[in-house]
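For reference, the structure discussed in these notes is given below.
Protein chains: 2
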Amino acid sequence: MEQIDTLVATTRRVRAFEPLYRAGSPFKSLYAIRLGSFKTVVVSEEGREQVTGFQVPAELLGLDGVDNDTHTVTAVALEDSTVCVIPYARLEEVSIQVPALRRQIFRAMSREIVHDHDVMMMLGSMRAEQRVASFLLDLSRHHVARGYAASEFRLRMTREDIGSFLGMKLETVSRILSRFDEDELLTVQKRLIRILNIDGLNAVLSYH
Amino acid sequence: MEQIDTLVATTRRVRAFEPLYRAGSPFKSLYAIRLGSFKTVVVSEEGREQVTGFQVPAELLGLDGVDNDTHTVTAVALEDSTVCVIPYARLEEVSIQVPALRRQIFRAMSREIVHDHDVMMMLGSMRAEQRVASFLLDLSRHHVARGYAASEFRLRMTREDIGSFLGMKLETVSRILSRFDEDELLTVQKRLIRILNIDGLNAVLSYH
DNA sequence: CGCACGGTTGACCTGTATCAAGCCGGGTGG
DNA sequence: CCACCCGGCTTGATACAGGTCAACCGTGCG
């Protein structure tokens, strides 16, 4: 990230619910999130929509566009957000002279691939309850990594976004959160989550 | 791929059902498939297994290992296969002087990310029948791209592998193939698939 | 003020899992 | 060479997770 800072041409603000870029639009830059959060959404030919991920500060957006010089997902801000714009042409240029930078990009892409595999596993082989638990534990881990308390955080996205990401309906997300609350694994107050029993949540993952 | 040929240190043969590399083993090389086919499998801490993809000649294996110098998936040959071994250290070296090569690697990684997003959409928002149709149409497209007939091909993997990849049980895969057969969209004879009505299969994707 | 949107909860329905039996084809050992 | 076995596959009966439809609540915004 430090090296990337030297490449930053500009920063850009994106208002809540506005797209940073859209699927189908030409790819020119990567974006490093400074502040705020995003969701990425794919839309199929038949109009099917699916949230493929949520991104928070220090994460990189736009890698999907490298292949065809065209974005394949739409990135939408979940709240007022700020990103650093990294012109891709300049990045390629600079990466010639700076091996460490080149390696960082390779790694960032590989990391996204690995992460996507984890999501595929979640979608393909977990039950709804486990997917929600896994999602919350992931958020919690992210918060720790960013220096916040692991046990309390605000969801930035709607139940519908969560459902789309986890491959279930919003009603199911809601019911499962309520059940977790009832079982005293956590408390839910609209979007505020307080985890009471991390071990219990982890245990949900190993059901049958 | 032509440029990659100049990097190939050796080729390696892998017998059917043998791993090319395992999750957790040190990452040293990428592999370009010459002949045969593979499946990639992730295993979670709880022992959950999930097939994350199937690979055929001209595809690249091992990109998941770049991030941590450790493979995160296991690649298993579905039949006797041959791969070109591309030592990663050498690839990084050569990519300094050859911008076109560097770009190719970036693209290959981006392409995998885009592909993974498509799989996520399939898993997250399609019904079982649609996932199977989508899978078969994908295979058919691949066969066309490789110069074979679109309408007839042999599955290289078991029903269980397909089910794992598509997030359903092997019985469901079997039933759906039988139903497609009954509806005269295709014929199934064990692993030999003959597509009779591509438009019909495509139409399955747009149900409800 | 009231409307729209996000969320919760209930009743009911259905797609897919589960469990179980049986088939087929190929490889092995008697 | 045949009998057997085993793994991959199909098919049926039944169970249940999660989807669907609907009613209702709270709250923030025009």
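As given, the protein sequences belong to chains L and V, one line each in that order. Every number in our numbering is 1 more than the matching position in the first sequence, counting from 1. Every number in our numbering is 1 more than the matching position in the second sequence, counting from 1. A virtual CB, placed ideally from N, CA and C, is assigned to each residue, including glycine.
Check the Cα spacing between Gly125 of chain V and each of L:Gly164, L:Arg142, L:Thr12 and L:Lys191: the tightest is with L:Gly164.
With contacts defined as CB atoms closer than 7 angstroms, Ala134 of chain V and His144 of chain V fail to qualify as a contacting pair. A buried status is given to Glu113 of chain V, since no fewer than 16 other beta-carbon atoms sit within 10 Å of its beta-carbon. Using a Cβ-Cβ cut-off of 7 angstroms, Gly168 of chain V counts as an interface residue toward chain L, since at least one Cβ of chain L sits closer than that to its own. Along the stretch 45-117 of chain L, the alpha helix (DSSP H) occurs as fully enclosed runs of 4 or more residues at 89-98, listed in sequence order.
For Leu92 of chain L, the closest C-alpha among the options L:His209, L:Ala33, L:Phe154 and L:Arg192 is that of L:Ala33. As the crow flies, the alpha-carbon of Leu21 of chain V is around 7 angstroms from that of Val15 of chain V.
Counting along the chain, Ser30 of chain L sits inside no alpha helix (DSSP H); it lies in the beta strand (DSSP E) bounded by residues Ser30 to Leu36. If you look at Val9 of chain V, you'll find it isn't in any alpha helix (DSSP H); DSSP assigns it neither H nor E.
For the stretch 110-131 of chain L, the set of residues with a beta-carbon nearer than 8 angstroms to any beta-carbon of chain V comprises Met110, Ser111, Arg112, Glu113, Ile114, Val115, Asp117, His118, Asp119, Val120, Met121, Met122, Leu124, Gly125, Ser126 and Met127, in chain order.
By the rule that beta-carbons nearer than 7 angstroms mark a contact, Gln51 of chain V touches chain L. Residues of chain V whose Cβ lies closer than 7 angstroms to the Cβ of Arg108 of chain L are, in chain order, Val67 and Asp68. Sequence-distant Cβ neighbours of Ser26 of chain V in its own chain, meaning closer than 8 angstroms and more than five residues away, are Thr71 and His72. The Cβ atoms of Ile87 of chain L and Ser30 of chain L lie closer than 7 angstroms to each other. Only buried fits Tyr89 of chain V, as 16 or more other CB atoms lie within 10 angstroms of its CB.
Cβ contact annotation for Thr75 of chain L (same chain, cutoff 6 angstroms, sequence separation greater than five): Pro20, Arg23, Ala24 and Val42, in chain order.
Put simply, the CB of Thr71 of chain L is far from chain V, with every gap to its CB atoms at 7 angstroms or more. Residue pairing of Val15 of chain V in beta bridges, as defined by DSSP: V:Ser82.
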